[in-house]
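Everything below concerns the one structure shown next.
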Amino acid sequence: MPVSLSACVMDESLQRLQKESEILQKTYAHYFDMTIINNEIDETIQHLEESMDLVCTSSQWVPVSWVY
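Going by full-length UniProt numbering, the sequence shown wraps up at 68, each residue one higher than the last.
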């Protein structure tokens, strides 16, 4: 069974997206405390809500130079 052109384009698009995601992660991961991967919408929403609760209830800090 031959592979369709749209399947090849989709595969290339997914590969490009994966490479771009890896570059972003390597470049900016140190700025983030958490990464949420959206594989299953209900699980993702639950994780996001738990993360928001954690941020709202835990102590935060910023360098003093950012405040004054």
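Backbone N, C-alpha and C define an ideal beta-carbon position, used for all residues, glycine too. Small disclaimer: the values here were computed from a predicted structure and weren't measured.
Q. Taking the continuous alpha helix (DSSP H) assigned at Trp46, which residues delimit it?
A. The amino acid occupying residue 46 in the given sequence is Gln; Trp does not appear at that position. Counting along the chain, the alpha helix (DSSP H) containing Gln46 begins and ends at 41-57.
Q: Give me the Cα-Cα distance between Val62 and Tyr68, rounded to the nearest whole angstrom.
A: 11 Å
Q.
Distance check for Asp53 and Thr44, CA to CA, integer angstroms please.
A. 14 Å
Q) Just how far apart, CA to CA, sit Gln15 and Gln46? A) 28 Å
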